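Worksheet: one structure, shown below.
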Amino acid sequence: MYDLSLPPSPKRAPSSSASPSTDSRREKMAKNLFSVPIFFIVFRETLEAAIILSVLLSLVEQIVRDDKTTSPTVTQTLVTEDAVSKESSDSAPDPELDDQAHRRRLVRKLRIQIFTGGASGLLIALAIGAAFIAVWFTQASDLWAKSEALWEGIFDLIACIMIFVMGITMLKMDRAKVKWRVKLTQAFEGKHNVDGKTTTGKWILFILPFITVLREGMEAVVFVGGVSLGQSATAIPIAAIVGLICGLVCGFLIYQFASRSTLTIFLVVMTNLILLIGAGLFSRAVGMFEQHAFNRLLGADVDDTGGTGPGSYKVQGNVWHLDCCSPENKLDSKGWNIFNAIFGWNNNATLGSVLSYVFYWLAVIVTLVYMKFKEGRTKLLGRESAAGTRRRRARLVREEEAREKEDRDQKEKEDEADKQRSSPSSGVERVGDSSALPR
Numbered sequence: 001m002y003d004l005s006l007p008p009s010p011k012r013a014p015s016s017s018a019s020p021s022t023d024s025r026r027e028k029m030a031k032n033l034f035s036v037p038i039f040f041i042v043f044r045e046t047l048e049a050a051i052i053l054s055v056l057l058s059l060v061e062q063i064v065r066d067d068k069t070t071s072p073t074v075t076q077t078l079v080t081e082d083a084v085s086k087e088s089s090d091s092a093p094d095p096e097l098d099d100q101a102h103r104r105r106l107v108r109k110l111r112i113q114i115f116t117g118g119a120s121g122l123l124i125a126l127a128i129g130a131a132f133i134a135v136w137f138t139q140a141s142d143l144w145a146k147s148e149a150l151w152e153g154i155f156d157l158i159a160c161i162m163i164f165v166m167g168i169t170m171l172k173m174d175r176a177k178v179k180w181r182v183k184l185t186q187a188f189e190g191k192h193n194v195d196g197k198t199t200t201g202k203w204i205l206f207i208l209p210f211i212t213v214l215r216e217g218m219e220a221v222v223f224v225g226g227v228s229l230g231q232s233a234t235a236i237p238i239a240a241i242v243g244l245i246c247g248l249v250c251g252f253l254i255y256q257f258a259s260r261s262t263l264t265i266f267l268v269v270m271t272n273l274i275l276l277i278g279a280g281l282f283s284r285a286v287g288m289f290e291q292h293a294f295n296r297l298l299g300a301d302v303d304d305t306g307g308t309g310p311g312s313y314k315v316q317g318n319v320w321h322l323d324c325c326s327p328e329n330k331l332d333s334k335g336w337n338i339f340n341a342i343f344g345w346n347n348n349a350t351l352g353s354v355l356s357y358v359f360y361w362l363a364v365i366v367t368l369v370y371m372k373f374k375e376g377r378t379k380l381l382g383r384e385s386a387a388g389t390r391r392r393r394a395r396l397v398r399e400e401e402a403r404e405k406e407d408r409d410q411k412e413k414e415d416e417a418d419k420q421r422s423s424p425s426s427g428v429e430r431v432g433d434s435s436a437l438p439r
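Numbering-wise, the sequence shown is residues 1 to 439 according to full-length UniProt numbering.
Here is the structure:
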C-alpha cells in the first residue's frame, strides 16, 4: 500500500510586503488618529471667520496709518494730554511724534475691539455648542439634526446679507478714508455727535466679528459633535487642532498681503473675494431650504447615510447632479467642502440655487450702478443725480478759479518782467546823468 498523501510543503519566509490585514490595520489606526471630515469642518469654519477678521484688521491699519491728515480735535487732545502729563515742560511737543503716537494708540484700540468681539463670539459659540452636545448625548436627541438644513440655511442667509453690505461699503472706503478715520477716532476718543452716528461706528468693529465668529464657531462645534459620534475620540483633537491652525495661517496670509498693498488694490481684491463668498452663501442657503423641504417629505434622517446617489436629492427642478465632488459626503469629501464654503460649490444644483447665485450678482451690479449714479460719477438713461449736478457745478467753479489763478500768475509774471526791464535802463540813465555833471 502506497501512501498517496502529499508531503508537507516547506515553510515560506515571511514576505517583505505587508499583508492586506496589516494595511487595513494601518488604515484603521490612521483614521483613529486623524479624522479628515473634522479637519475640513474646522478648517472651513476657521477660514471663513479668519477672512472677515483679516479684512477688518487690514482695513483699520490702512485707514489709520496711510492717512497723512490729522484732525484738529485729535491734535488738540494730544497736546492737552501732553500738557497735563508735564513730561515735556521745557520743550514744546512735536506734532509729528504726537500724530504717530496717536495712530499707534488708535490702531491698538481698534485691534482690541476686533479681537474682543471675536473672542466673545467664540465663548458664546462654545457655550451654545456645548449645550447642544450635552443634550445630544444625555437625551439621545440631536436638536440641531432635527432641522439641520433649515438652521444652516438661516445662518447662511444672514451671513450673505451681512457680507453683501460689508462688501458694498468697502468699495466706498477709498474715497471716504478721511471720514472713516475721523469717525473711528471720535468714537474711541469718547466724542459723540447729536445724530448718534458715532455711537454706531463705535460698535461696528465689535458687532461684525462677534456675529461672524459666533456663527462659524457654533457651526463648527455642533458639526464636530455630530461627526464625532461615529468616530473614535482620539481622532478629534489632532484633526480639530490642525484644521484650526491651517485656517488661521490662511487668514494670516490674507492679512499680511492686504497690509502691504495699497488701499485701492486691497479693497478691490477683498471685495471680490467677499462677494464671491456671499454669492456662494446665498446659493447654499436656498439649496439648504430646498433640502429641508425634501427631508420633511422623506424623514429627518434621510441625509444621515452620507450617500449622493438616487434618492438623496429631489429630481424635480434639478439642473445637474454629479456622482463625485460632493461637499456633503461624510465618508470622503476630498476637500470639496472647502470650495463649498468659499464659492458655494455643490455637486447637486437646483434651479433655485443656480438662479439665486445669478440674482445675487445682478443685485451687486444694480447696487453698484445705483451707488455710482447717486454719487454723481455717471449718468443713468441720460439723467443726472443731484450729487452729479453739484459735482459738475463744483468742477466748473474749480476750472474758473484755475483760469483766474492762471491769469493772475501770468499778469504777475509780466509785471515782474517789466520791472526787471525798467530797472537796468533807469540805472544807466542815472549813471549817465551823474557822469555829465563834472563836465
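Note that the Cβ used here is the ideal one computed from N, Cα and C, for glycine as well.
Model, not experiment: these values are computed from the prediction.
Using 10 angstroms around the beta-carbon of Ser283, count the other beta-carbons present and answer buried if the total reaches 16, otherwise exposed. Looking at its Cβ environment, which holds 16 or more other Cβ atoms inside 10 Å, Ser283 is buried.
Can you tell me which of Gly287, Ser326, Phe343 and Cys324 puts its alpha carbon nearest to the alpha carbon of Asn318? Nearest in C-alpha terms to Asn318, of all of Gly287, Ser326, Phe343 and Cys324, is Gly287.
Where Thr69 falls, given that 16 or more other Cβ within 10 Å makes a residue buried: Only weak support is given to the placement of Thr69: the predicted model assigns it a pLDDT of 46, under 50, and the value that follows is read from those uncertain coordinates. Exposed: under 16 other Cβ atoms inside 10 Å.
Just list the beta strand (DSSP E) runs in the stretch 348-435, keeping only unbroken ones of 3 residues or longer that don't cross its boundaries, in chain order. For the stretch 348-435, whole beta strand (DSSP E) runs of length 3 or above, ordered along the chain, are 348-350.
Identity of the residues DSSP links to Asn318 by a beta bridge: DSSP output for Asn318 lists Thr350 as bridge partner(s).
Using a 10 Å radius around the Cβ and a threshold of 16 neighbouring Cβ atoms, would you call Arg215 buried or exposed? Counting Cβ neighbours within 10 Å, Arg215 comes out buried, since at least 16 surround it.
Could you round the C-beta distance between Leu53 and Gly251 to whole angstroms and report it? I think they count as a contact, below 8 angstroms. At roughly 7 angstroms, the Cβ-Cβ gap stays under 8 angstroms, so Leu53 and Gly251 are in contact.
Cutting at 6 angstroms between CB atoms, please list the residues of its own chain near Val369, excluding the five before and the five after it. Closer than 6 angstroms at the Cβ level, and outside the excluded window around Val369, lies no residue.
Could you tell me how far apart the beta carbons of Ile207 and Gly278 are, in whole angstroms, since I believe they sit closer than 8 angstroms? Between Gly278 and Ile207 the Cβ distance is about 18 angstroms, and since that is not below 8 angstroms, they are no contact.
Measuring only the C-alpha atoms, how far is residue 445 from Glu399? In the structure displayed, the chain extends from 1 to 439; residue 445 sits before or after that span and is not available.
Ala285 to Arg403, Cα distance in whole Å? Computed Cα separation, rounded: 58 angstroms.
Leaving out the 5 sequence neighbours to the left and right, which residues in its chain are closer than 6 angstroms to Cys325 when beta-carbon positions are compared? Apart from sequence neighbours up to five positions away, the residues of its chain that approach Cys325 with a beta-carbon distance below 6 angstroms are Trp336 and Asn347, ordered along the chain.
Under the criterion of a Cβ to heavy atom distance below 6 angstroms, does Cys160 qualify as lining the ligand SAH? The model on display carries no ligand, and the ligand SAH is accordingly not part of it.
Give every residue of the same chain whose Cβ lies closer than 7 angstroms to the Cβ of Val364, excluding the five residues on either side of it in the sequence, and list them in chain order. Around Val364: Leu275.
By Cβ distance, which residues of its chain are closer than 7 angstroms to Ser385, with the 5 residues on each side in sequence left out? So the qualifying residues of the chain are Phe373, Lys374 and Gly376.
Drop a sphere of 10 angstroms on the beta-carbon of Ser423, count the other beta-carbons inside from all chains shown, and report buried for 16 or more, exposed for fewer. Exposed, because fewer than 16 other Cβ atoms sit within 10 Å of the Cβ of Ser423.
Beta-carbon spacing of Ala239, Ser58 below 7 angstroms: No, they are not a contact pair.
What do you reckon, are the CB atoms on Pro209 and Gly118 nearer than 7 angstroms? Closer than 7 angstroms, so yes.
Straight-line CA distance for Asp90 to Leu106? At Asp90, the pLDDT of 47 sits below 50, so the modelled position is not reliable and the matter cannot be decided from this model.
My output table needs one value for Asn340: the three-state DSSP class, helix, strand or coil. Helix, per DSSP.
Pick helix, strand or coil for Asp156, following the three-state DSSP scheme. In the three-state reduction of the DSSP assignment, Asp156 falls in the helix class, which pools H, G and I.
Determine the burial state of Thr271: buried for a count of at least 16 other Cβ atoms within 10 Å of its Cβ, exposed for fewer. When all chains shown are included, Thr271 counts as buried.
Through-space distance from Arg392 to Gly217, alpha-carbon basis: Computed Cα separation, rounded: 50 angstroms.
Asp323 in three-state terms, based on DSSP: It is coil, neither helix nor strand.
Would you please state the rounded distance, in angstroms, between the beta carbons of Thr46 and Leu248? I believe it to be under 8 angstroms. Contact annotation, Thr46 with Leu248: C-beta distance approximately 6 angstroms; criterion of less than 8 angstroms satisfied.
Looking at the structure shown, is Ser120 part of a helix, part of a strand, or coil, going by DSSP? Shown here, Ser120 sits in a helix according to DSSP, grouped into three states.
So, is Ile245 buried or exposed, given that buried needs 16 or more other C-beta atoms within 10 angstroms? Answer is exposed; the Cβ neighbour count stays below 16.
Below 8 angstroms on the Cβ atoms is my guess for Ala159 versus Leu281; work out the distance and round it to an integer in Å. Rounded, the Cβ-Cβ distance is 5 angstroms, consistent with contact.
According to the neighbour-count rule (16 or more other Cβ atoms, all chains shown, within 10 Å of its Cβ), is Thr389 buried or exposed? Burial check for Thr389: the Cβ neighbour count within 10 Å stays below 16, so the residue is exposed.
Look up Ser58 in the DSSP assignment and say whether it is helix, strand or coil. Three-state result, Ser58: helix.
Tell whether a beta-carbon distance below 7 angstroms holds between Phe39 and Gly243. Yes, these two residues count as a Cβ contact at 7 angstroms.
Suppose contacts are defined by Cβ-Cβ distances below 7 angstroms. Is Ala49 in contact with Thr169 by that definition? Not a contact, by the Cβ cut-off of 7 angstroms.
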